[in-house]
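Protein chains in written order, with the numbering used here: chain A, 20 to 132; chain B, 20 to 132; chain C, 20 to 132; chain D, 20 to 132.
Protein chains: 4
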Amino acid sequence: MQRRAIMLAELSVIPLGKGTSLSDELAEILKLIDASGLAYQLTPSGTCIEGDWDAVMRVARQCHDHARSVSAHVITTITIEDEQGANDKITANVVALEERLGRKLKRSAATPS
Amino acid sequence: MQRRAIMLAELSVIPLGKGTSLSDELAEILKLIDASGLAYQLTPSGTCIEGDWDAVMRVARQCHDHARSVSAHVITTITIEDEQGANDKITANVVALEERLGRKLKRSAATPS
Amino acid sequence: MQRRAIMLAELSVIPLGKGTSLSDELAEILKLIDASGLAYQLTPSGTCIEGDWDAVMRVARQCHDHARSVSAHVITTITIEDEQGANDKITANVVALEERLGRKLKRSAATPS
Amino acid sequence: MQRRAIMLAELSVIPLGKGTSLSDELAEILKLIDASGLAYQLTPSGTCIEGDWDAVMRVARQCHDHARSVSAHVITTITIEDEQGANDKITANVVALEERLGRKLKRSAATPS
């Protein structure tokens, strides 16, 4: 029997040799993540996905394989945060910190400091 | 002369031996990032910060040093994405992909798939 | 049909709340990697493993699950480098650079600079 | 006053758009690390460097800036492991685990499993 615990994963897929802009490849990868049905959130530096180990790794592999189909050299990083009893980290991690600090945790580049 | 290019950094600071919940330490670290005046965004798996190399590394070190002041063993990861001519990646990376795909790139855990 | 390509993976498993020394947990994790029969190399900052996607992810999961059995909060990072035609990166990546530079690529702390 | 603690850093520099082989760029980066005089070890997936925060970040920046001089888009990852009282992790991390397990922690691809 394997645990069905929900984990937070951050996924980054980098196809080499595709020029310096990756937007075409990243758009295709986002479609795969969206089609997985898993909770996810695009961030400035990657994509957070929530699911059990098998579901997360299935979509990670789909994204990696897509990138390999367009590039002969791909670097994929998967960071798993797995905390007992936590099953909505994609929302809760940010909300918990914002409540503790009493403000939204984002400042745009335009905000004067 | 050093480049004053604006970079996107993702920062993750993990103090070991502080129990399984890191919320106290992460709240202190967010205060340091907020006080830096740099553009930033908290994500489910870390914090994205935007600035030139020196500014980003200064706040990364403040966060790392704070964590070391409460833990004898700290693992800090800094990922820099530095793209010529890009100086608002903290917003633009997500917006560009959303426009290309024609939808918001987030699905909460509650959304039926 | 899935590709049986050989990939290089770097695996890092961090159990939180286990004190500031992780040597007991890391020793157990190394036993699991050794038992997998895959080519591997311990480095100062993680473990490199070589195998196809399924084999690498199977042992990564065993290591992650072991860490979760002793800690309620585990952060696991898997970085996959997948290059067409490369199937001995665990040795070849270093050898190729050493040959190109004409020297061994290691300097111990004791070496005068 | 800033701590002069010795830290272990793992450095990975990825220039995009330079084709699928990075060996030319990695060779130049290794020359910069070698010239720094810091203890280091090339691994299959990156380079481990040992030094205080300022020394590590100085060479990380040199490597990053070199990559940016040949590519318009560079992704650099720096992972710092900073443990109180540890100042030879580049050697000690592996030796400690090998002693605990009673064997060398490497198996080449050719080794029968």
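Note that CB positions come from ideal geometry on N, CA and C, so glycine has one too.
Counting only runs that start and end within the segment 41 to 116 of chain C, where is the alpha helix (DSSP H) found for 4 or more residues in a row? Qualifying alpha helix (DSSP H) stretches, in chain order: 42 to 54, 72 to 89.
For L27/B, the three-state DSSP class (helix, strand or coil): Strand.
Contact check, K108/C vs L61/D under 8 Å by CB: the rounded distance? The C-beta separation of K108/C from L61/D comes to about 13 Å, leaving the pair out of contact by the 8 Å criterion.
Can you tell me the Cβ-Cβ gap for V89/A and L51/A, rounded? I've got them flagged as a contact below 8 Å. The beta-carbon separation of V89/A and L51/A, rounded to 13 Å, does not stay under the 8 Å limit for a contact.
Quick one: Cα of A46/B to Cα of L45/D, how far? When rounded, the distance between both Cα atoms is 38 Å.
So, at 6 Å on beta carbons, what are the nonlocal neighbours of S31/C in its own chain, with the 5 sequence-adjacent residues on each side left out? Closer than 6 Å at Cβ, skipping near neighbours: G65, T96.
Going along chain C in order, which residues have a C-beta closer than 9 Å to the C-beta of C67/D? From the beta-carbon of C67/D, the residues of chain C found nearer than 9 Å are T62, P63, S64.
Measuring alpha carbon to alpha carbon, tell me which of L35/A, A111/A, E29/A, L27/A ends up nearest H85/A. That would be L35/A, whose Cα lies nearest to the Cα of H85/A.
Report all residues from its chain with a CB closer than 8 Å to the CB of Q49/B; omit the five preceding and five following residues, and keep chain order. The question names Gln, but residue 49/B is Leu in the sequence shown. Non-local C-beta neighbours of L49/B in its own chain, meaning closer than 8 Å and more than five positions away in sequence, comprise L61, T66, ordered along the chain.
Would you mind sorting R80/B into buried or exposed? The rule is 16 or more other CB atoms within 10 Å of its CB. That one is buried.
For K125/C, which residues does DSSP report across the bridge? Answer by DSSP bridge pairing, in chain order: Q60/D.
Separation of L27/B from I68/B, as counted between CA atoms: Their backbone Cα atoms lie some 6 Å apart in a straight line.
Burial state of R87/D (16 or more Cβ within 10 Å): Sixteen is the threshold: when 16 or more other Cβ atoms of the shown chains lie within 10 Å of the Cβ of R87/D, as they do, the residue is buried.
Mind pulling the chain A residues with CB within less than 7 Å of I48/C? Ordered by position in chain A, no residue passes the 7 Å Cβ test against I48/C, which lies about 14 Å from the chain.
Whole-number beta carbon distance between A24/D and D71/D, since they are thought to touch under 8 Å: Rounded to whole angstroms, the Cβ separation of D71/D and A24/D is 6 Å, and the two are in contact under 8 Å.
For a cutoff of 7 Å on Cβ pairs, would you count T110/D as touching chain B? It does not: the Cβ of T110/D has no partner Cβ on chain B nearer than 7 Å.
Chain A within 7 Å of L30/D, Cβ atoms only: L30/D does not count as touching chain A.
Nearest residue (CA-CA) to I33/C, options L120/D, E118/D, L41/D, E100/D: Taking the Cα of I33/C as reference, the smallest distance to any Cα among L120/D, E118/D, L41/D, E100/D is reached at E100/D.
Close-in-space but distant-in-sequence residues of the same chain around H83/C (CB under 8 Å, 5 per side omitted): So the list reads V32, V93, T95, once near-sequence residues are dropped.
Would you please verify whether the beta carbon of A58/A is less than 7 Å from any beta carbon of chain B? At least one beta carbon of chain B lies nearer than 7 Å to the beta carbon of A58/A.
Alpha carbon to alpha carbon, what distance is there between V75/D and E117/C? The alpha-carbon atoms of E117/C and V75/D are separated by roughly 22 Å.
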